[in-house]
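Take a look at the structure below.
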Amino acid sequence: MRRSPLALSFYARPTVEVARRLLGQIIVSDVGGRRTAGRIVETEAYVGPHDPACHAWGGRRTPRTEALYGPPGTAYVYFTYGMHWCLNAVTEAAGYPAAVLIRALEPLDGVDTMRRRRARGRGGKVADSDLCAGPARLCEALGITGRLNGIPLQRGALRVVRGDRRRLPVAVTPRIGITAAVDWPLRFVLLDSPWASRGGRGRR
DNA sequence: GGTAGGATAAGCT
DNA sequence: GCTTATCCTACCA
């Protein structure tokens with residue numbers, strides 16, 4: 005089945021709105037010649053230079069954050085904790101640094117590939133419910149690394165395509181793992197989704 | 001069921 | 001030097 009990619013205009017809106025409307029949409033990765041795909045079940049908004057948890061807080065513009073200033077629909081992939089990659093979709097107008105962090109997916113396609121990637125370098129096996137339940141986990145499962153930083157999400161090896169968004173029960177909570185602006189309700193998660201990250205399955 | 005601590009490196013002060 | 005938009009293992013209940 006062929007699904008249409010989300011257009012640039014989808015991302016050129018208030019970041020909170022994009023974060024909410026990304027729930028239910030589908031990420032498709034063809035990295036390494038393998039097709040993997042998953043449905044977005046958890047997101048967080050990082051709303052710009054006035055957001056103390058945003059990497060572009062205070063207008064920081066460095067080689068690391070450069071992709072955040074790109075056009076809407078750009079992939080912002082950053083490295084953290086010395087070993088993890090995380091994927092964001094850049095939002096709002098070009099030049100305005102804001103993005104939505106993709107925090108969890110429901111695996112749809114290429115589950116065997118996901119299992120292999122997630123188990124690599126780790127003798128044990130990974131429960132299917134943990135394949136994409138976390139921002140770094142889903143990047144590992146989909147083969148996403150810094151090589152994809154700055155690419156457009158409308159075409160190419162990594163893209164976001166339209167999913168079924170009818171009747172989605174959404175919970176709104178503070179963001180996870182940050183120490184700044186802890187009261188801002190900028191995390192969106194499908195209510196009771198078994199695919200959400202830890203700290204994420206909760207109701208509110 | 002839960003949580004504490006370690007891994008590991010870029011970017012900042 | 002210190003912090004970090006994390007994950008995993010070990011350990012305790």
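If you read the first sequence in the working numbering, its first letter stands for residue 5, the second for the next number, and so on. Where a beta carbon is used, it is the ideal one built from N, C-alpha and C, also for glycine.
Cα atoms of Ala-97 and Lys-129: separation of roughly 42 Å, rounded to the nearest angstrom.
DSSP, read as helix, strand or coil, puts Gly-154 in coil. For Val-35, the secondary structure class from DSSP, reduced to helix, strand or coil, is helix.
By the criterion of a C-beta distance shorter than 7 Å, Gly-62 is surrounded in its chain by Pro-53, once the five residues flanking it on both sides are discounted.
The DSSP assignment places complete beta strand (DSSP E) segments of no fewer than 3 residues inside the stretch 160 to 201 at 162 to 165, 174 to 177 and 191 to 194, in order along the chain.
If you compare the alpha carbons of Ser-8, Ser-201 and Gly-74 with that of Arg-107, the shortest gap goes to Ser-201. Pro-75 and Ala-103 have their C-alpha atoms some 11 Å from each other. If you look at Tyr-15, you'll find it in the alpha helix (DSSP H) that goes 12 to 15.
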